[in-house]
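Numbering follows the numbering used here, in which position 92 of the sequence shown is assigned residue number 600; successive positions increment by one, without gaps.
To keep things clear, I will list the structure first and then write my remarks on it.
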Amino acid sequence: MHDTMMAAYDEAVSGQGSIRAHWREMMALIWAMPPEVLRDRQARAAAHLAGADNFMADFGAGAAAPVWSIDILPLILPGNEWDTIAAGLAQRARLLDLILSDIYGPQFLIKEKLLPPHLIYANPCFLRPLRHVVPPSGAPQLHFYAADLTRMPDGAWRILADRTQAPAGVGYALRHRGIVARTFPESFRHTSVRRLQPILETWQDSLQAIGSAISSNPRIVLLTPGPHNSAYPEHVMLAHELGITLAQGSDLTVRDSIVYLKTLDGLARVDVIYRRVDGDYCDPLELRSDSALGVAGMIAAMRAGNVAVLNAPGSAVIELPALAPFLPGLARRLLDEDLALPAVTTWWCGQKAALAEVLATMNRFVLQPVFEPNAVPIDPVELSESARTNLIARLTATPEAFVAIERVDHARVPAVGAGSVEPRPFVMRTCSLWNNGAWATMPGAMARITDGDEGRRAAIRNGGLVKDVWILADEPTSQGPASGDGVPHDTRKVERAAELLGSRTADDLFWLGRYIERLDSAVRQFRAVLQRLIGASLGPRDMAESQMLAELLHHCGWISAATASLPVDSSVFANDIVTAAGSAGALADCRASVQQLGMALRDRLSQDMARALMNMFHDDETADQDRSLDSLLARMDRSVTNVAAFGGLVAENMTRGNGWRFLEFGRRIERGITVCDIVDSLLGGSMARTELSMRLALELCDSTITYRRRYPTDHYTLLALSIILSDSTNPRALVYQLESIQSGLDALIGYDPLVPEKDVVGRLIPAVLEICAHLSDEPETAALSYAHHRETIRAALADAKAGLMSLSETTSRNFLAHIDPVRSLFPGAMSQRQDAHGAMS
């Protein structure tokens, strides 16, 4: 029993007031640094964290993404102390794996009364369909194990919580290490720290070894709940670092008890699933029928031995805090060893002796419902007399429903405060993984500063202030060498993987292309009307053009008919325009769709492409703080530039595979539809405003310079249509979009000349060229020829738009038929069905 009256352990300062040996160099570095410099470094770290993570966190709008801040001062532990901790974690992981195997197997431990049946059979995390489901040869029940640790006042480490469901940690530790190395580099030059990267190499080897028992060339996927999940940033990072496919439940299917990945080339067998979806959501057929996150038939595939799922669904049954008091006895029974790293003192009140101890010394503990480990603890000290009496009555009536956990005064670690470095309490998250029969612990961790006694609730999903944990190395190491000197030679065989594009990924790329182009068109239209409204007064031409732009904005769905009918020189019209382009308007819905798709595709986008997308949304947070026309116009200018930057990165950096083609299909289809809408709307009025129509059409299609060079006159004639519609050298022209689509289809399906998509494009190209054939080449007679063929041209534009929309539908039907997405380009229609299940724990 620990003396709760002892002072909390201080990581940097001994009880005699001297700096501990392994902290001396760091403390000397801190003392030599002016406070303002330290605060500046802290601010830079926060900026890097925002730049690295906020793109991902912001797109997780459907779940409460953790709000992180990072402390640049690490928690430092000696190597020999860490080795002792790692050995204890390995022993504990072996024990938990054996317990899992027994719980879902013969259940000898229950029969021998070493485990209370109530804590298993009444546990909602015990999944009965997993009984007697044995992992493929050599695979464990528990593959990845995380633990939350605290240091007691006497210096001993104790387990606060076991995390076996779908624990997070490695990805965040790697990212935080990189940020600290970038903002506080001199700290690494003064301290030799063990590198984190080897854990990823071990992890890759482990996954390959498990998969090799099923297939000679195993395919491995990371199953994620999707972008709305708070842990999705780590899912993206780990899939990238481990070289495995990131997949959602809708990306997978089961045929004849075999799990397949849906791709454009058909179904590709999956051998290993690294699961980051909560176990009970994994299979709606045998587990939760309301789950949209899992794969129907997954358990049957596991039962047949055709897939390894890591950690096995149901592994969360051993996260239960009430099991902690039984683990020492189980270690002696199963391992013939004493438990090296026990938990903080915990009592399950379902035992008579434990209940008596808790009732006698209640103020020593906090209490929790036994099957709700993340519930807010009940603190007897803070209860009123009547509430305390009620708690005692509940304990006496249903003791098996409560677990009592000893109060913990967490150890302190130096942290950057508002004005100086100050000691703060912390909890440490460690990560261990199974590899060919042995357990390896990441040589580092993540410490989270706690607020008071959070106990087992100190989960990563709560966000907060985090610290990198350094393990001192016996020899100098480098966190990021500039050359290959000193880097161990990796002798693992490298083979080129098959380039498979998942059906959902292709669908998301297609729709990202459409939404990006729709956003570009919208901001150009808003910018055009703002440029005219922002003047001191509106002249006749500005008034006419603003009215035409208002009609176009309504035609495209960006403003209401009521707004479009307002006098354009009225303050009400200007206010409505600002609202429509603000955070609550239609434009914001389009931005949100781009955000969601960008997050869903984060593993497919380079860092530069992700940054370009992120830059599109920096203004949104302050959009409603300054509602001036000038401020809005500046935001529209930046939006046009940011969309162009993304398009440039796509053009210059994306390999010309099927993923790029589907992104291009989306962009070209949407741009073609936009051209049809612009021309049809602007030319739908009277013949008297033809010149203004052409002027606006050229402006919105970014083709004014081309027209002026080709026709050196200030007179805008209907010859502009040839540039906007039929000029195959103009990237904004309608025919250019169609020819680009045709070229992409040839590369994608060139072996089949009769597919419906090519039929549609083949019909539209000559029809578009025919539109401009009706116009005279002479400016003087062009208006007359247009007047004669006006309805024919408008009908051809309507047909072209319908053809492009049909092309979108047939593309989805013929290539993406594995899934059934619900999409709409209209505001507010983009929805996602992922939720927070599988969130960070």
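For glycine and all other residues, C-beta sits at the position ideal for the given N, C-alpha and C.
{"Item": "According to DSSP, which residues form a beta bridge with Pro931?", "Value": "Pro922"}
{"Item": "If I'm right that Ile900 touches Phe934 with Cβ under 8 Å, what's the distance once you round it to whole angstroms?", "Value": "About 33 Å separates the two Cβ atoms, so there is no contact after all."}
{"Item": "Which runs of the alpha helix (DSSP H), 4 residues or longer, sit entirely within the stretch 532 to 564?", "Value": "532 to 539"}
{"Item": "How big is the Cα-Cα spacing for Glu893 and Val874?", "Value": "16 Å"}
{"Item": "Kindly indicate which residue of Leu606, Ile1301, Ala1030 has the alpha-carbon position closest to the one of Ala820.", "Value": "Leu606"}
{"Item": "Would you mind reading off the limits of the beta strand (DSSP E) that contains Ser1054?", "Value": "Looking at the DSSP string, Ser1054 is not in any beta strand (DSSP E); the run it does join, the alpha helix (DSSP H), is 1048 to 1063."}
{"Item": "Does the distance from the C-beta atom of Pro951 to that of Ile667 stay below 8 Å?", "Value": "no"}
{"Item": "Less than 8 Å between C-beta atoms, sequence neighbours within five positions excluded: which residues of the same chain meet that for Val762?", "Value": "Tyr768, Val803, Ala804, Gly805, Met806, Ala808, Ala809"}
{"Item": "Alpha carbon to alpha carbon, how far is Met745 from Leu818? Give it in angstroms, no decimals.", "Value": "18 Å"}
{"Item": "With C-beta atoms as the reference, is Leu1060 less than 8 Å away from Leu1137?", "Value": "no"}
{"Item": "Measure from the alpha carbon of Asn1166 to the alpha carbon of each residue in Asn588, Glu1160, Asp773, Glu930, then state which is nearest.", "Value": "Asp773"}
{"Item": "Straight-line CA distance for Ala1058 to Leu1027?", "Value": "17 Å"}
{"Item": "Three-state secondary structure (DSSP) at Glu827?", "Value": "helix"}
{"Item": "Out of curiosity, what's the CA-to-CA distance linking Ile527 and Val1086?", "Value": "59 Å"}
{"Item": "Could you tell me the boundaries of the beta strand (DSSP E) in which Glu794 lies?", "Value": "Looking at the DSSP string, Glu794 is not in any beta strand (DSSP E), and its letter there is neither H nor E."}
{"Item": "Pop quiz: Ser695 and Met534 are said to be a contact at Cβ under 8 Å. What is the actual Cβ separation, rounded to whole angstroms?", "Value": "7 Å"}
{"Item": "Taking 8 Å as the threshold, find out whether the stretch 1067 to 1075 comes into contact with the stretch 701 to 721 through three or more Cβ pairs.", "Value": "no"}
{"Item": "For a quick check, are the C-beta atoms of Gly837 and Leu622 less than 8 Å apart?", "Value": "yes"}
{"Item": "Candidates Arg1032, Trp947, Ala553: which alpha carbon is nearest Ala689's?", "Value": "Ala553"}
{"Item": "Are Gly663 and Glu742 touching if we call contact CB-CB under 8 Å?", "Value": "no"}
{"Item": "Is Ser1139 close to chain D, meaning its C-beta is less than 8 Å from at least one C-beta of that chain?", "Value": "Considering every chain present, this structure includes no chain D. It has just one protein chain."}
{"Item": "Would Leu581 and Pro922 qualify as a contact pair, given that the criterion is a beta-carbon distance under 8 Å?", "Value": "yes"}
{"Item": "Among Ile766, Ser765, Pro735, which residue has its Cα nearest to the Cα of Leu754?", "Value": "Pro735"}
{"Item": "Flag this pair as touching only if the stretch 630 to 640 and the stretch 823 to 832 have three or more C-beta atom pairs under 8 Å; answer yes or no.", "Value": "yes"}
{"Item": "At what residues does the beta strand (DSSP E) containing Lys621 begin and finish?", "Value": "No beta strand (DSSP E) contains Lys621, which DSSP labels as neither H nor E."}
{"Item": "Look up Asp759 in the DSSP assignment and say whether it is helix, strand or coil.", "Value": "helix"}
{"Item": "Could I get the ranges of all uninterrupted beta strand (DSSP E) runs contained in the stretch 844 to 916, with 3 residues as the minimum, in chain order?", "Value": "854 to 856, 873 to 877, 910 to 914"}
{"Item": "Is DSSP giving Gln1316 helix, strand or coil here?", "Value": "According to the sequence provided, residue 1316 is Ser. The question's Gln does not apply to it. Ser1316: helix per DSSP, three-state reduction."}
{"Item": "Taking a contact to mean a Cβ-Cβ separation below 8 Å, would you say Phe1154 touches Ala1120 in this structure?", "Value": "yes"}
{"Item": "Cβ of Arg783 within 8 Å of Cβ of Ala647?", "Value": "no"}
{"Item": "Do you know offhand how far Glu794's Cα is from Pro637's?", "Value": "7 Å"}
{"Item": "Given that a residue counts as buried once 16 or more other Cβ atoms are within 10 Å of its Cβ, and exposed if not, what is Ile1213?", "Value": "exposed"}
{"Item": "With H, G and I counted as helix, E and B as strand and the rest as coil, what does DSSP make of Ser522?", "Value": "coil"}
{"Item": "Using 10 angstroms around the beta-carbon of Asp959, count the other beta-carbons present and answer buried if the total reaches 16, otherwise exposed.", "Value": "exposed"}
{"Item": "For His1063, which residues from the same chain have a beta carbon less than 7 Å from its beta carbon, with the 5 sequence-adjacent residues on both sides left out?", "Value": "Asp1185, Ser1189"}
{"Item": "Suppose contacts are defined by Cβ-Cβ distances below 8 Å. Is Val924 in contact with Leu583 by that definition?", "Value": "no"}
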